[in-house]
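Chemist:
Protein chains: 2
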Amino acid sequence: MVATIIMSASVSPLAPQHVPDMPAIAGVRLATAQAGIRYAGRTDVLLALFDAGTTVAGVFTKSKCPSAPVEWCRDHLKSGKARALVVNSGNANAFTGKSGRAAAKLTADAAAKAAGLKPFEIFLASTGVIGEPLDASKFVPVMQGLATRAHAGDFFTAAQAIMTTDTFPKVATAQARIGKATVTINGIAKGAGMIAPDMATMLSFIFTDAAIAAPALQALLKDGVADTFNAVTIDGDTSTSDTLMMFATGKAAGAARIARATDPRLKAFKKALQQVLGNLSEQVARDGEGARKLVEIVVEGAVSKASARRIAMSIANSPLVKTAIAGEDANWGRVVMAVGKAGEPANRDKLSIWFGGIRVAHKGARDPGYDEAKVSAAMKKPEIYLKVALGLGKGRDRVLTCDLTKEYIAINGDYRS
Amino acid sequence: MVATIIMSASVSPLAPQHVPDMPAIAGVRLATAQAGIRYAGRTDVLLALFDAGTTVAGVFTKSKCPSAPVEWCRDHLKSGKARALVVNSGNANAFTGKSGRAAAKLTADAAAKAAGLKPFEIFLASTGVIGEPLDASKFVPVMQGLATRAHAGDFFTAAQAIMTTDTFPKVATAQARIGKATVTINGIAKGAGMIAPDMATMLSFIFTDAAIAAPALQALLKDGVADTFNAVTIDGDTSTSDTLMMFATGKAAGAARIARATDPRLKAFKKALQQVLGNLSEQVARDGEGARKLVEIVVEGAVSKASARRIAMSIANSPLVKTAIAGEDANWGRVVMAVGKAGEPANRDKLSIWFGGIRVAHKGARDPGYDEAKVSAAMKKPEIYLKVALGLGKGRDRVLTCDLTKEYIAINGDYRS
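Quick mapping for you: the protein sequence lines, in order, are chains L and D. The numbering of the first sequence is the numbering used here, which starts it at -17 and goes up by one. The numbering of the second sequence is the numbering used here, which starts it at -17 and goes up by one.
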């Protein structure tokens, strides 16, 4: 069952045509509110409450200058237990010094008081302007109402509350069997939308009613992210706030308790998790700032998967490749440039390049059979498939990105108001 | 003595207001011609002839997919001797496979024949479209004329012949004393202009009448490039063809032969060389594609100079920082982001940031005394000075870049014709 997203003129042309119907997750209750942090007339705070026994895992930005909520979550993740999550949009509480730590604590205290929990059981994420103090006192008056209203939830509404400049809410869902139980995995995300400067955060939260011990959940999440969220790049810039957390309530009927990530009963679950993470991260690429093309880059024949990843990322982050794709130009010369600058083993004379399945360069020179008209037609599509074969080994990898358009400059070059 | 450049509407607004009068260099003769490689109505080939005894040094792109001329020069640099240099614009002879090697050899053969030299005494550089075969047979008919006409030279005309999409020719000169002799250092360069896609090359050639043994010349050039050409970035993309070569004829009156780069008599020469390289590399930044602002980034208080360089480059290559500067926004939040993603030691709570000499962030938070009006005025200037203090150690470094504008996208996103 699907529901059609209402499109506005400003929604990315790459937005999914349909959103899935999001089922409830046993043990998860959600509520949203307007705290008035930055935006008028929209929700900007999400409270998720979890039943006792919920385990938690998280991966965070590698930035050396992380936000206060990222530090809070890292500190409290050690327990492996979570009872609530508070996410606000409009202010990232990043680079806010001591007042940032105080704002994080105030938020957790307010949520704990409203829900009858301990502050260390509350996880936090903030997205929006960085460098401006977050007035967390605004959460205090809305928190009791959130805790009271929280109910087995509307994940689409939750995804809306965490948006900053995303042009559409991002949700995904999948089911899997663990032993005899059917478990559900729901995910929401917000992307690297940065309209109105300073907004630079990828947040994603995954909820499941499976029963998985925290260390196993952490291992599953770390594995799951490698070829999904970690294989997406918009502009190579890394937020101070990137946060991906997963909560497992264990409340699915008949759910077996899983202690280890290597448990063979997790096979279908791993696949479903991969599907949810892959779907959400692709939506992030589809909502890249100013994006008009979704670009899938496959590198094969590298000396290793890691080498293929670095070459694919060098291509995906090259402004010259990205502007060429914006201009619908199958500019394989720039792809060669990006391969060459990656610093990974590459032999110019073994290199072949395809755009849209059409080989344009072969063994270090222009493909003599290359039909410009066919390639031009392929470049006009909203989804561009770029493949590079290095001819050296069996290393293969795939990353997603988007094109670099004038709209990106307009979005990010407007004066901060 | 200076000559005013004739400005056209398309010349970078950051172009130097004046060009120096370029003196002749004893032992260097120059000539240019129209070989019709790609452009109509302009010169596109430069021949420089050097007297016997001229030594040579060179540094080249680190790309794993270098152009055929780069491979040719690397192969022949070992001798340390040079008698001629041929540079063409319009076609980079890069990613051209076997035919590229043949084109390089044909060019060297033609120059050797015309000038009565051996092919291995000829150095080559090409800039322009990559991936298209270079028709070097077009050099054959013009080479004899070039060799005949070559004369103690007009370096400005030489700089014009090697332009691709540069908006102005780049020349610099300096003098120094080595012992009792006065020696001259002249340099020409072309930048990372990439109008009409595929043109991505920095070429620079330095000529001096000093007498310096090839290994010493190589050491001087390597030292000289570290804080000049290697400290400039336009968009983080690296050409397949970047070439910087230096030729020392030894023909200055009374020039002492210098065998080692550590010779104390080179003190003034090193300073003059640094000046020429610094001047030319700054001109490259001033002619960055679509550039409207020259951006100097200083990082201090890092754990080492190398760490300061990596952080400065992370800032200089960040699309979000560059678009903010294009929008005249002192967006220090994005600077924090770029510091944080560099992977180098940094402590958010010790970080301070200045734009135009005005401190906007201090010890991990917005500077309370920060005057938005003054910062706004500083951001409207064509030259932006951005300083970051990490507060960790004594490492300091400086890089130059330019802003990222819609014009960059227009230049690089237009369909390849």
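Each residue gets a CB set at the ideal place from its N, CA and C atoms; glycine is no exception. The structure presented is a predicted model; accordingly, all values stated were derived computationally and were not measured.
Quick one: using the 10 Å Cβ neighbour count with 16 as the cut-off for buried, is D224 (chain L) buried or exposed?
Modeler: Buried, by the Cβ-count rule.
Chemist: Measure the alpha-carbon distance for G322 (chain L) versus A230 (chain L) and round it to whole angstroms.
Modeler: In a straight line, the C-alpha of G322 (chain L) is about 44 angstroms away from that of A230 (chain L).
Chemist: Find the residues of chain L that neighbour W314 (chain D), judging by a C-beta separation of less than 7 angstroms, and give them in chain order.
Modeler: Near W314 (chain D) (Cβ distances below 7 angstroms), the residues of chain L are G113.
Chemist: For the segment 319 to 335 of chain L, enumerate the residues whose C-beta is nearer than 9 angstroms to any C-beta of chain D, in chain order.
Modeler: Flagged, chain order: M319, A320, V321, G322, K323, A324, G325, E326, P327, A328, N329, R330, D331, L333.
Chemist: Hey, quick one: how far does the alpha helix (DSSP H) through N313 (chain L) stretch, first residue to last?
Modeler: Segment: none, N313 (chain L) is in no alpha helix (DSSP H) and carries neither H nor E.
Chemist: When we look at the beta-carbon of P48 (chain D) and count the other beta-carbons within 10 Å, is it buried (16 or more) or exposed?
Modeler: P48 (chain D) should be labelled buried.
Chemist: On the CB-based measure, 16 or more other CB atoms within 10 Å of its CB, does S334 (chain L) come out buried or exposed?
Modeler: The residue in question, S334 (chain L), is buried, as its Cβ has 16 or more Cβ neighbours within 10 Å.
Chemist: 7 angstroms is my cut-off, CB to CB: does T220 (chain L) come that close to chain D?
Modeler: Chain D, which has a Cβ nearer than 7 angstroms to the Cβ of T220 (chain L), makes this yes.
Chemist: Between L302 (chain D) and chain L, is there a C-beta pair that is closer than 7 angstroms?
Modeler: Interface residue, yes.
Chemist: Among L:D117, L:A86, L:V68, L:V111, whose alpha-carbon lies nearest the alpha-carbon of A97 (chain L)?
Modeler: When each option's Cα is compared against that of A97 (chain L), the closest is L:V68.
Chemist: I'd like to know if C47 (chain D) contacts chain L, where contact means its C-beta is closer than 7 angstroms to some C-beta of that chain.
Modeler: It does: the Cβ of C47 (chain D) has a partner Cβ on chain L nearer than 7 angstroms.
Chemist: Does chain D have any CB closer than 7 angstroms to the CB of D217 (chain L)?
Modeler: Yes - at least one Cβ of chain D is within 7 angstroms of the one on D217 (chain L).
Chemist: Interface residues of chain D around A298 (chain L) at Cβ under 9 angstroms?
Modeler: By Cβ distance, chain D contributes nothing, its closest Cβ being about 13 angstroms from A298 (chain L), past 9 angstroms.
Chemist: Please look up how many angstroms separate the CB atoms of A290 (chain D) and A298 (chain D), rounded, as I've assumed it's under 8 angstroms.
Modeler: Wrong, their Cβ atoms sit about 12 angstroms apart, outside the cutoff.
Chemist: Roughly how many angstroms lie between the CA atoms of D117 (chain L) and A86 (chain L), to the nearest whole one?
Modeler: Computed Cα separation, rounded: 10 angstroms.
Chemist: Could you confirm whether any beta carbon from chain L is found closer than 7 angstroms to the beta carbon of F391 (chain D)?
Modeler: Per the sequence shown, the amino acid found at residue 391 (chain D) is Ile instead of Phe. Interface residue, yes.
Chemist: Excluding sequence positions up to five away, which residues of its chain have a Cβ less than 7 angstroms from the Cβ of A235 (chain L)?
Modeler: If we look at A235 (chain L) and ignore the five residues flanking it on each side, its Cβ neighbours are A163.
Chemist: Pair every Cβ in the segment -4 to 16 of chain L with every Cβ in the segment 27 to 39 of chain L, then say whether three or more of these pairs are closer than 8 angstroms.
Modeler: Yes: at least three Cβ pairs fall under 8 angstroms.
Chemist: Are there 16 or more other CB atoms within 10 angstroms of the CB of M176 (chain L), so buried, or fewer, so exposed?
Modeler: Residue placement at M176 (chain L) is flagged as unreliable, the pLDDT there being 46, under the threshold of 50; the coordinate-derived value follows with that caveat. That one is buried.
Chemist: Rounded to the nearest angstrom, what separates G309 (chain D) and N394 (chain L) at their Cα positions?
Modeler: The alpha-carbon atoms of G309 (chain D) and N394 (chain L) are separated by roughly 8 angstroms.
Chemist: Is any beta-carbon of chain L found at less than 7 angstroms from that of F211 (chain D)?
Modeler: Not one chain L Cβ lies under 7 angstroms of F211 (chain D).
Chemist: With contact counted as at least three CB pairs below 8 angstroms, one residue from each stretch, are the segment 152 to 170 of chain D and the segment 255 to 271 of chain D in contact?
Modeler: In short, these stretches touch, since the Cβ pair count reaches three.
Chemist: Under a Cβ-count criterion, where at least 16 other Cβ atoms within 10 Å of its own Cβ denotes burial, should P101 (chain L) be classed as buried or exposed?
Modeler: So P101 (chain L) ends up on the buried side.
Chemist: With three or more beta-carbon pairs closer than 8 angstroms as the criterion, would you say the segment 356 to 370 of chain L touches the segment 304 to 319 of chain L?
Modeler: Touching, yes.
Chemist: What is the rounded straight-line gap between the Cα of R56 (chain D) and the Cα of N75 (chain D)?
Modeler: R56 (chain D) and N75 (chain D): Cα-Cα distance of roughly 15 angstroms.
Chemist: Can you pull the chain C residues whose beta carbon is under 8 angstroms from the beta carbon of N394 (chain D), in chain order?
Modeler: Protein chains in the displayed structure are L and D, and chain C is not among them.
Chemist: Do I307 (chain D) and I434 (chain D) come within 7 angstroms of each other at the CB atom, strictly closer than that value?
Modeler: As shown, chain D starts at -17 and ends at 399. That puts residue 434 (chain D) outside it, with no answer to give.
Chemist: Of all Cβ atoms in chain D, is any one closer than 7 angstroms to the Cβ of G232 (chain L)?
Modeler: No - not a single Cβ of chain D is within 7 angstroms of the one on G232 (chain L).
Chemist: Output, in chain order, the set of chain L residues within a Cβ distance shorter than 8 angstroms of K362 (chain D).
Modeler: Chain L residues near K362 (chain D): none, gap ~11 angstroms exceeds 8 angstroms.
Chemist: How many Å lie between S108 (chain D) and T149 (chain D) at the Cα?
Modeler: Cα-Cα distance, rounded: 18 angstroms.
Chemist: Beta-carbon within less than 8 angstroms of R20 (chain D)'s beta-carbon, same chain only, minus the 5 sequence neighbours each way: which residues are those?
Modeler: Hits under 8 angstroms: D26, S71, G72, N73, G110, V111.
Chemist: Using a Cβ-Cβ cut-off of 7 angstroms, state whether K87 (chain L) counts as contacting chain D.
Modeler: K87 (chain L) does not count as touching chain D.
Chemist: For a contact defined as C-beta to C-beta under 8 angstroms, what are the partners of G260 (chain L) on chain D?
Modeler: Within 8 angstroms Cβ-Cβ: nothing; G260 (chain L) doesn't reach chain D, min ~24 angstroms.
Chemist: How big is the Cα-Cα spacing for P(-2) (chain L) and L262 (chain L)?
Modeler: Spanning the two alpha carbons is a distance of roughly 11 angstroms.
Chemist: Looking only at its own chain, which residues have a Cβ that is under 6 angstroms from the Cβ of S300 (chain L), when we skip the five neighbours before and after it?
Modeler: Closer than 6 angstroms at Cβ, skipping near neighbours: A320.
Chemist: Between I391 (chain D) and Q200 (chain D), what straight-line distance do the alpha-carbon atoms span, to the nearest angstrom?
Modeler: Their Cα atoms are separated by approximately 37 angstroms.
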